[in-house]
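0 is the number of the first residue of the sequence shown in numbering that gives the first Met the number 0; add one for each residue after it.
Just so it is clear, CB atoms sit at the ideal spot from N, CA and C, and this is done for glycine as well.
To start, the structure under review is shown below, and the notes come after it.
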Amino acid sequence: MRHALPCVLALLAAAAFPAAASADDPVEGGPAKEAAQEEGKPAAGPEPEEPEDAEEEEDGEEEDETFLERDTLTGDWYGCRTRRREDGLEFRAAWLEDFTRVQHGGIDPHEDSRRYWLDVEASFDLGVLGAEGWKATAAFWQLGGEYGTADVGAFNEISGYESPEFRQQVAEGYLEWTGLAEGLRLKAGKFDTSNEFAWSDYANDFLNLGVAWPPNLLAMPVYPDPAFGAMAAWEPEEGFYGSVALMDGALQEGKATGERGASTLFGEPSDLYGILEGGANLDLEGNPLRAFLGAWGHNGEFAEFSGGVTDDAWGWYAGVEGRVPGTGREDDEDERGVYVSLRLTAADGDVAAVERHWVAAAVWQGPLPSREDDAAGLAWVYGDLADGGGTGFRRGFEQVLEGYYKVQVTGFLSLTPSVQYIANPGGVHPDALVLGARLVIEF
0 MRHALPCVLA LLAAAAFPAA ASADDPVEGG PAKEAAQEEG KPAAGPEPEE PEDAEEEEDG
60 EEEDETFLER DTLTGDWYGC RTRRREDGLE FRAAWLEDFT RVQHGGIDPH EDSRRYWLDV
120 EASFDLGVLG AEGWKATAAF WQLGGEYGTA DVGAFNEISG YESPEFRQQV AEGYLEWTGL
180 AEGLRLKAGK FDTSNEFAWS DYANDFLNLG VAWPPNLLAM PVYPDPAFGA MAAWEPEEGF
240 YGSVALMDGA LQEGKATGER GASTLFGEPS DLYGILEGGA NLDLEGNPLR AFLGAWGHNG
300 EFAEFSGGVT DDAWGWYAGV EGRVPGTGRE DDEDERGVYV SLRLTAADGD VAAVERHWVA
360 AAVWQGPLPS REDDAAGLAW VYGDLADGGG TGFRRGFEQV LEGYYKVQVT GFLSLTPSVQ
420 YIANPGGVHP DALVLGARLV IEF
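What follows is the structure, given as structure tokens:
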């Protein structure tokens with residue numbers, strides 16, 4: 000792309016002198032695991048043209064946006080970000096970090112842990128080169144820190160950013176095509192399936208991974224190990240939707256697919272992971288509502304608690320989530336209100352330690368009149384543990400109760416204190432109290 004060197008210099012200058020950077024057309028976004036679909040809106044009539052002085056006034060207001068108000072730390076890179084977007088190229092980067100302390104109980108009480116995730120993404124609209132409907136995306140991840148869940152011994156990990164080792168990897172690289180038919184999207188390459196299947200629109204600010212991602216979705220290619228594969232999705236603006244994917248299943252054999260290319264998809268172990276989901280995006284008195292049902296299967300080998308080995312595994316999930324009627328605002332653009340997420344996930348109890356997994360979560364967006372970007376959340380998680388021979392569980396359940404308050408400190412920085420109480424972690428360990436906080440910075 001043209002003007003590449005000036006844009007790099009502008010980015011460095013914006014980072015060094017942030018107060019001087021403009022905030023025209025900031026790129027909005029959250030962590031990679033927060034994938035969500037936009038609520039369909041009815042088509043509006045043509046907007047009346049505004050006089051030139053009004054446009055100038057709006058431009059002036061954008062220029063006057065303060066450093067603390069803008070959505071990204073580095074701003075617009077003195078206009079380079081906007082120019083690159085016009086050329087079809089978009090950048091985003093985020094630093095996500097979780098701090099936790101096992102205050103009481105678990106395996107190793109009074110232990111502190113920290114883990115982080117640097118997510119750098121770039122996407123290019125190939126339509127500017129004449130390839131209408133094509134888009135290319137790549138992502139680089141750096142992961143590190145301590146695996147704090149080991150201090151608790153729980154199946155529901157105490158952080159959504161846990162990684163057992165330091166990594167630097169080209170985590171994603173894929174092509175998407177929407178030119179075949181309206182509402183149809185095809186995708187192929189290396190990607191994280193949690194952005195496409197079994198996601199939650201509202202539960203991603205909870206530190207405990209089990210609120211947004213159940214532990215009995217076995218061997219699914221998700222953070223920190225995306226994988227190569229292909230998928231098709233039918234995504235109309237409203238109403239019913241559906242998607243299906245076939246992915247490299249080498250993760251079950253201990254292959255870190257996040258660090259690898261496509262060799263394990265076409266070579267040994269050549270195991271496959273398949274998943275499909277159907278649902279509906281509805282409007283309930285002006286409030287978004289989504290209901291969904293999905294199923295997955297894997298043709299690799301799984302160890303059974305009885306001591307045997309099976310050559311496949313499967314499971315299913317279902318849920319509903321949306322905004323509670325009467326808690327929102329008349330303005331469709333105002334996202335304040337109370338959101339609820341309910342989910343059930345089930346897997347084969349011969350191979351999955353958590354046979355059934357229930358989640359009930361509520362998030363209050365904008366709990367204070369002057370803090371519309373803040374959020375408060377409360378979640379309950381219940382894992383029904385497998386009861387077959389060989390499991391060794393003392394009790395047949397694991398429960399998690401978590402509460403948090405997310406403070407949107409600036410447009411680009413948020414801090415989320417959290418308290419987790421985990422009952423019967425791992426089915427055998429003492430109850431644990433975990434204190435934590437999440438830091439997110441959008442660049």
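My guess is that residue 259 and residue 287 are in contact by the Cβ rule of under 8 Å, so how many angstroms apart are they, rounded? Here the question's residue 259 lines up with position 260 in the sequence shown. Here the question's residue 287 lines up with position 288 in the sequence shown. Wrong, their Cβ atoms sit about 37 Å apart, outside the cutoff.
Please give me, in chain order, every unbroken run of the alpha helix (DSSP H) with length at least 4 that falls completely inside the stretch 169-245. 208-211
For residue 270 and residue 136, I'd like the C-alpha separation in whole angstroms. What you label residue 270 is simply residue 271 of the sequence shown in a count that begins at 1. What you label residue 136 is simply residue 137 of the sequence shown in a count that begins at 1. Roughly 25 Å between the two C-alpha positions.
Only counting the same chain, and skipping five residues up and downstream in sequence, which positions put a Cβ closer than 7 Å to that of residue 130? Taking the sequence shown and counting its residues from 1, one reaches residue 130 at position 131. Result list for residue 130: empty, nothing under 7 Å.
Report buried or exposed for residue 419, applying the criterion of at least 16 other Cβ atoms within 10 angstroms of its Cβ. To locate residue 419, count along the sequence shown from 1; it is residue 420. Per the 10 Å Cβ criterion, buried.
Which residue or residues does DSSP assign as beta-bridge partners of residue 283? In the sequence shown, counting from the first residue as 1, residue 283 sits at position 284. Answer is 286.
Give the single residue among 305, 146 and 92 whose Cα lies nearest to the Cα of residue 139. The residue you call residue 139 lines up with position 140 of the sequence shown. Nearest C-alpha to residue 139: 92.
In whole angstroms, what is the alpha-carbon distance linking residue 82 and residue 71? Along the sequence shown, one-based indexing puts residue 82 at 83. Along the sequence shown, one-based indexing puts residue 71 at 72. Approximately 16 Å between the Cα atoms of the pair.
When you compare the CB positions of residue 294 and residue 279, do they come within less than 8 Å of one another, or not? Working through the sequence shown from its first residue, we reach residue 294 at position 295. Working through the sequence shown from its first residue, we reach residue 279 at position 280. Not in contact: residue 294 and residue 279 (Cβ atoms no closer than 8 Å).
Which value, in whole angstroms, describes the spacing of the CA atoms of residue 352 and residue 277? Position 353 of the sequence shown, counting from 1, holds the residue named residue 352. Position 278 of the sequence shown, counting from 1, holds the residue named residue 277. The alpha-carbon atoms of residue 352 and residue 277 are separated by roughly 26 Å.
Quick one: using the 10 Å Cβ neighbour count with 16 as the cut-off for buried, is residue 329 buried or exposed? By one-based count along the sequence shown, residue 329 stands at place 330. Classification for residue 329: exposed.
Host alpha helix (DSSP H) of residue 263 (start-end): The residue you call residue 263 lines up with position 264 of the sequence shown. From DSSP, the alpha helix (DSSP H) with residue 263 extends over 262-265.
The beta strand (DSSP E) that contains residue 394, what's its start and end? Start at 1 with the first residue of the sequence shown, and residue 394 comes out as number 395. No beta strand (DSSP E) contains residue 394, which DSSP labels as neither H nor E.
Express the C-alpha separation of residue 318 and residue 187 in angstroms, rounding to a whole number. By one-based count along the sequence shown, residue 187 stands at place 188. By one-based count along the sequence shown, residue 318 stands at place 319. Using only the alpha carbons, I get a separation of about 27 Å.
Which of helix, strand or coil DSSP assigns to residue 414: Numbered from 1 along the sequence shown, position 415 holds the residue referred to as residue 414. Note: residue 414 maps to strand in three-state DSSP.
By the DSSP assignment, the alpha helix (DSSP H) with residue 81 in it spans what residues? Start at 1 with the first residue of the sequence shown, and residue 81 comes out as number 82. Residues 79-85.
Boundaries (first-last residue) of the beta strand (DSSP E) holding residue 124: The residue given as residue 124 occupies position 125 in the sequence shown. Segment 111-124, the beta strand (DSSP E) holding residue 124.
Am I right that residue 433 and residue 210 are in contact with their C-beta atoms under 8 Å? What's the rounded C-beta distance? Looking up residue 433 in the sequence shown gives position 434. Looking up residue 210 in the sequence shown gives position 211. About 13 Å separates the two Cβ atoms, so there is no contact after all.
Can you give the Cα-Cα distance for residue 84 and residue 94, rounded to whole angstroms? Numbered from 1 along the sequence shown, position 85 holds the residue referred to as residue 84. Numbered from 1 along the sequence shown, position 95 holds the residue referred to as residue 94. Cα-Cα distance, rounded: 22 Å.
Could you tell me the alpha carbon to alpha carbon distance between residue 397 and residue 381, rounded to whole angstroms? Numbered from its first residue, the sequence shown carries residue 397 at position 398. Numbered from its first residue, the sequence shown carries residue 381 at position 382. Roughly 6 Å separates the two Cα atoms.
May I have the straight-line CA-CA distance separating residue 202 from residue 410, to the nearest angstrom? Taking the first residue of the sequence shown as 1, we reach residue 202 at position 203. Taking the first residue of the sequence shown as 1, we reach residue 410 at position 411. Going by the C-alpha atoms only, they are around 20 Å apart.
Determine the direct distance from the alpha carbon of residue 364 to that of residue 332, and round the result to whole angstroms. Residue 332 sits at position 333 when you count from the first residue of the sequence shown. Residue 364 sits at position 365 when you count from the first residue of the sequence shown. If I take the Cα positions, the gap works out to 13 Å.
Neighbourhood of residue 394 by C-beta, 7 Å cutoff - its chain only, sequence neighbours within 5 removed: Locating residue 394 in the sequence shown gives position 395, counting from the first residue. Contacts found: 423 and 426.
Quick one: give me the first and last residue of the beta strand (DSSP E) that residue 134 is part of. Along the sequence shown, read from residue 1 onward, the residue named residue 134 stands at position 135. Note, residue 134: beta strand (DSSP E), 133-144.
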